[in-house]
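Report on the structure given below.
Number of protein chains: 2
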Amino acid sequence: MVPVAGIGARLKRKEDPRLITGSGTYTDDIKLPGMVHVAVVRSPHAHARIRGIHTAAARSAPGVVAVLTGEELKQGLQAPLPCAWLYEGLKNPPHWPLAIDVVRHVGEGVAVVVAETRAAARDAAALVEVDYEPLPAVVDPERAMDPGAPRVHAEFDSNVAYTWEAAGGDVEAAFREADVVIRQRHLQQRLVPMALEPRAVVADCHPATGELTVWSTTQIPHLLKINLCGILGVPEHQMRVIAPEVGGGFGAKLNVYPEEVIVPFLARRLRRPVKWVEDRRENFVATIHGREGIIDVEVAARRDGEILGMRINWICDLGAYNQLNTPYIPILGLIVSPGPYRHKHHAIKITGVFTNKTPTDAYRGAGRPEATHFLERTIDRLADELGLDPAEVRRKNFVRKDEFPYTNPVGITYDSGDYHAALDKALEAVGYEELKREQAERRRRGDRLQLGIGISSYIEACGLAPSAALAGTFYGGNLFESAQVRVHHTGKVTVYTGSSAHGQGHETAWSQIVASELGIPPEDVEVLHGDTGRGPIGLGTYGSRSAAVGGIALYHALQKVKKKAALIAAHQLECSPEDLEFVDGEFRVKGAPQRALKFTQIAAAANLASHINFPPGLEPGLEETAFWQPENFTFPFGTHVCVVEVDTEDGRTRILRYVCVDDCGNVINPLLAEGQVHGGIAQGIAQALFEELVYDENGQPVNASLMEYAVPTAAELPSFESHFTCTPSPVNPLGVKGIGEAGTIAATPAVVNAIVDAVSHLGVRHIDMPCKPERVWRAIQQAQEAAAAAEGGEGR
Amino acid sequence: MVPVAGIGARLKRKEDPRLITGSGTYTDDIKLPGMVHVAVVRSPHAHARIRGIHTAAARSAPGVVAVLTGEELKQGLQAPLPCAWLYEGLKNPPHWPLAIDVVRHVGEGVAVVVAETRAAARDAAALVEVDYEPLPAVVDPERAMDPGAPRVHAEFDSNVAYTWEAAGGDVEAAFREADVVIRQRHLQQRLVPMALEPRAVVADCHPATGELTVWSTTQIPHLLKINLCGILGVPEHQMRVIAPEVGGGFGAKLNVYPEEVIVPFLARRLRRPVKWVEDRRENFVATIHGREGIIDVEVAARRDGEILGMRINWICDLGAYNQLNTPYIPILGLIVSPGPYRHKHHAIKITGVFTNKTPTDAYRGAGRPEATHFLERTIDRLADELGLDPAEVRRKNFVRKDEFPYTNPVGITYDSGDYHAALDKALEAVGYEELKREQAERRRRGDRLQLGIGISSYIEACGLAPSAALAGTFYGGNLFESAQVRVHHTGKVTVYTGSSAHGQGHETAWSQIVASELGIPPEDVEVLHGDTGRGPIGLGTYGSRSAAVGGIALYHALQKVKKKAALIAAHQLECSPEDLEFVDGEFRVKGAPQRALKFTQIAAAANLASHINFPPGLEPGLEETAFWQPENFTFPFGTHVCVVEVDTEDGRTRILRYVCVDDCGNVINPLLAEGQVHGGIAQGIAQALFEELVYDENGQPVNASLMEYAVPTAAELPSFESHFTCTPSPVNPLGVKGIGEAGTIAATPAVVNAIVDAVSHLGVRHIDMPCKPERVWRAIQQAQEAAAAAEGGEGR
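First to last, the sequence lines map onto chains V and A. Heads up: the first sequence begins at 277 in this note's numbering, then just goes up one per residue. Heads up: the second sequence begins at 277 in this note's numbering, then just goes up one per residue.
This is the structure in structure tokens:
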């Protein structure tokens, strides 16, 4: 028989027929009879006291149903918005869905207007007059730490929300013994996650029973439900949260947002369906931001390139509040801050600081791109300083493949890896030596267009887990995933996964896992997710956890299905289950393969459960559920190489090639994996070259629109040359890791290292992102001026 | 602590707030964008050949989207409508959703018109011209058996679809030895199940994926889905069937109807949502009918009233086709045909006959009311013949309570009973002796209004099961039920039951089972049903199976939940699970009850599954599924006593009192049980006194409207005096049986026995239902004429 298109097959996405024909149902497609619409009145100030809110004009505007202010809303809630990571000592100011007395960032909600149409709601929102008393804004996170700085939250004695330190080895000694010490400050700019679909919420409250249904553009329908239940005071069995098609999340929809509380609150109060859809301008200021930090890195090394130790001081800009995961994001960077390198002496300190800006939170990679960026820039700085090949410096310091499981200096254990292999494959694929020759040639000729080769070797920590090193500190649970498998009469299968997808292709990948395990075609599998009313509790999709946690839950549910199916087969074949093997979708008696029953026959027997062909005493049906809790993260890795051409006269960068070698263990579907890599690299390149949300000194965002915030399109991006190595994870039965964030994590240092490499012979040592032409040009000018000054000095 | 309102509590129905405020969602409330409407062109003939169908005028009528005939439809289907009971030798003619060449009953669908509005569809349906050639109709089932009768299905050599015989003991010998033999023909009239909500179907087909969602007024969403998948050729994972609120079923919605195929077929073809809602006139001819049969009963007895044997010959009018359960209905009567009586010699023959009328199928009681009627009328005839008290004849012949489990002469084993106790309680409650004295007094006085006392003792077979006596004959499976229990973080519980309710109050009763088992308030429980997309396969609600099969599945799922919860509790309490007891919603260490954990605390621990308070290696979550397969029916029983006043001058009957004693084992909620009894009695009285669908000799129904078909209202009914005895079933852990059909089963002979008893002193021995005044009056007249003739004869 023809093998089914199971794990490893390059299957086209099952999701696409509905998505590319425009027949998917997104939250904004939910239209309910009698539905009213919400507009949010948002603060134009970064920091101000609210002296009064005048709503009379709005209330009497045409079509207006209700106006609600923060104080009124608070009276009806049981709790403010949640933060999931309440470390000891964390300052966690109450974060109500609408500001009460003080607004703390531009875009913070102050009031909402509900009206019969969206237009009426927005028109009336413009009539709400808020009497503000502006207060001084805190914008720069480093200055915010100054004891004399204005305070974002007056109730605290400083803007420092928390510090977190981790260290291993004897860092001081390492620095004392070093031949060379390099210090460099790295700036992570502030990014705006830019999903094609902005956020949206619809809520419907049953008029008689009060049961709530909430549709939301969320990555975490079950966790959103649990949180909304607590905030709104609705028991969990009377709330259903549905994430319909979700058009991208990138971590920004992994949260509990003010509007996700406000809309169901209004639906309960008004007993009418309520809708809110974010517009793009709101998306820039009311949805969480990513990155932003100031990271000082010191590295101590021997002359031969061996790294002895590192010291990292990371100031993280939290924005005005702790959102769901705000304080945790840099910790994910901390975990991987030693990267793929084996130095023993390592210290990192993270300081989270409040500022009068939109809160930061998870954005694709979430801490790990920041860490990888400063680490890989550091390796290149070190190689440059020592005159070594940056590939050689990496090879020298990589953890060796026979050292796994390997515990890094901050106590995190990597499951498996072969870092050298990925690097070698990448260099071979890109033609490293040939490129270096061409680079040397161009330098020799003094070409205007100089060639740069940037290497980035990375590890990722995938699939949030109660890793031993962090257990007992702040992991309160909620790290498992669930899967429910329902086998129908004819052997068709319905799967519910708690891992709610928003573009990843779970329906395809999960179908392939089922196909492999049950020997049925993947088109015979229906994969459901994103509806708390249709399956068991699950935790959603984030942190590249879906395959490595949700996929494993599915695997275990399928083993239970096969175990029960074997009992039925054994009954019919009159043997013991141990005498059976399951091959190509059928149970065969070992040694007598002609005595066999197809899985589809077992499915029929299980669902009929007639006394004729069903084991007495066995429960009818063929439906199983599994919950799976990982014991540790998995650790994908890889090496990306970017080749750029920098115009030394105007600072423009053109990416000539982008070669990546990723290793996420076994690949369920290469097409999906490549898609994730491509998208991730695009977002990494976007950060490296184009994107940055700029605030002025008063906390006003100055480029918060798509006319000014430079999201690249395909035209700005190269073709990606994607390769894989395969080092299966030993910690789960599918040997899978994760691939959703790899591209984003790896890409920024590959690009920046390439740019710096292209102009390093001109004296440029470092450029901060985004490497816009102006910035590259200035770096060249400054380096040449410095060189000229040095020469002049020498001449004197 | 206050005990929770668990099993046995008189809890108000949780369903009612939404139902009585008009905020329930019935199938007709489903309104989808772009939805089109179906009207069915139905045959005005009982039997005719279709020579042609002219659809041009209809096709060009305003708003018409499509016109479909039977032949076109058949081309798109994989199979005709199903019959679930394909006995060996059963004639099972193909039954396509629309007639192909021949129509076989008035109301059979011939074509459908689809239009933008319901009105347009109906207007255009009137423009479809069908060229019929009328054929002779077969109307009377007994005459239909005649070899020379016209044939309903020309391909068969007779109208007899099947015969089924069962016997025990030596019936011939019993009749030889009898002191007395009585023969009586009993006519069961044809009834129309009259749910408040007629049938309705809506279907929606996803334009890109072809996934079908079907809303239907069905009692069996999962079985409907499986059947529709087969008929339409849609794989099961691409179809979802939802039974929203269903406004009564009574067995009539336990089927697979033509419109349930046609509507989703059209939705697939047109790629638009499609709706069909039955009107009341259609309901009279296009929804299955109940009862109709001719039953000849012979009883052999001793002079002291001891029954020696019975012979029953039952001709059952199947109508024109086998619907889903048509041939099985009288078999359910066969099973209980020996009733609560212990005679050993018993023979019953059932002959199912096709006629040119609407198919019969399950209607509340389904075979068991017919059997109970002829049996209880026979007991009263025997008592009358022997001059014995009918209560005494019952007492003498009842199975004794120490004889259980008792196997009746057709091989069916009754689980438990105390028939004497129920009879005694009923007679005491009604004041039997006092009534008899009053009756004697009235007779003595020759009152115009005579008193009648009717007793009916019954058993019921509940919860369809692979009963040993029937196994191996036709039980192909599908007799289990499922339950899924999902425990949320705070201990709220969601239950999915495969037993899909349509008025019974499962949401209330299931909540009470959960409350009892988990020690939480019933309002903390959400009960879901009727949606194949939200829970495991289940078989629906029919045959009084919900508590005795579905309730037990729930019980077992809850035991699994408690077992897992105990592991978590033991971990936290640092003891072994065996050291724990579960009392009042908490796990307590035996002997140290202050060491305890509430179920709600366990729920939180299970759903968080943090390493701090969750056993290592245990799966997170607290969700369990159970499927439960009964091994036999359960056998509720009871005695009903009806007291009537018959006006001997005009034949009018007034029910003075109606006392019932029912025993369904343990009662989950007395309010619900009484409601079932009340409704059942109302339907039984309706049959006894009012309802009959009359066909003329051409097969035309002559009273197929609510203007002529006499459905009683509350004004026509007495107050019911409902009592219970409690003999728990030993075959399931809750000790429950069933109560949904008891009233209907018991009521008709109680009423008719009372009427005959009221006028028996006038010589009336028997009256067939419905006992309309005219019929009673005629019976009195005929008896008196016969008496006069006899006297005259004697006088001559």
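Just so you know, even glycine gets a beta-carbon here, dropped at the ideal spot from N, CA and C.
Residue burial classification, residue i (beta-carbon count within 10 angstroms, cutoff 16)
i                      : result
residue 317 of chain V : buried
residue 296 of chain A : exposed
residue 983 of chain V : exposed
residue 428 of chain A : buried
residue 397 of chain A : buried
residue 628 of chain A : buried
residue 529 of chain A : buried
residue 702 of chain V : buried
residue 301 of chain V : exposed
residue 501 of chain A : buried
residue 505 of chain V : buried
residue 540 of chain A : buried
Backbone secondary structure at residue i - three-state DSSP
i                      : result
residue 377 of chain A : coil
residue 561 of chain A : helix
residue 856 of chain V : strand
residue 800 of chain A : helix
residue 389 of chain A : strand
residue 288 of chain V : coil
residue 869 of chain V : strand
residue 399 of chain V : helix
residue 589 of chain A : strand
residue 538 of chain A : helix
residue 468 of chain V : coil
residue 407 of chain V : strand
residue 851 of chain A : coil
residue 566 of chain A : strand
residue 514 of chain V : helix
residue 918 of chain A : strand
Any non-hydrogen atom of the ligand FMN closer than 8 Å to residue i Cβ
i                      : result
residue 481 of chain V : By its list of ligands, the structure shown contains no ligand whatsoever, and the ligand FMN lies outside what it can speak to.
Under 8 Å, with one C-beta from each stretch per pair, do the stretch 490-500 of chain V and the stretch 518-535 of chain V reach the 3-pair mark? yes
At a cut of 8 Å, does the stretch 962-974 of chain V reach the stretch 461-473 of chain V through at least three beta carbon pairs? yes
For the pair the stretch 822-833 of chain V and the stretch 1001-1019 of chain V, tell me if three or more CB-CB distances fall below 8 Å. yes
Contained beta strand (DSSP E) runs [length at least 3] in the stretch 940-1003 of chain A, N- to C-terminal order: 996-1000
With a cut-off of 8 Å, do at least 3 Cβ pairs link the stretch 579-597 of chain V to the stretch 476-484 of chain V? no
Would you check if there are 3 or more beta carbon pairs closer than 8 Å linking the stretch 720-730 of chain A to the stretch 941-954 of chain A? no
Below 8 Å, can you find three or more Cβ-Cβ pairs linking the stretch 892-905 of chain A to the stretch 1040-1049 of chain V? no
If the cut-off is 7 Å on Cβ atoms, which residues from the stretch 280-295 of chain A count as contacting chain V, listed in chain order? 293 and 294
Of all the residues that make up the stretch 495-515 of chain A, which are near chain V by a beta-carbon distance shorter than 8 Å? 502, 505, 511, 512, 513 and 514
Any residues in the stretch 754-784 of chain V with a beta carbon nearer than 7 Å to a beta carbon of chain A? Which ones, in chain order? 754, 756, 758, 762, 764, 765, 766, 768, 769 and 770
Are three or more beta carbon pairs between the stretch 917-932 of chain A and the stretch 1018-1035 of chain A nearer than 8 Å? yes
Going along the chain, which unbroken runs of the alpha helix (DSSP H) with 4 or more residues stay wholly within the stretch 345-374 of chain V? 346-351
Could I get the ranges of all uninterrupted beta strand (DSSP E) runs contained in the stretch 407-482 of chain A, with 3 residues as the minimum, in chain order? 436-444, 456-467 and 476-481
Should the stretch 805-822 of chain V be regarded as contacting the stretch 774-785 of chain V, the criterion being three or more beta carbon pairs within less than 8 Å? yes
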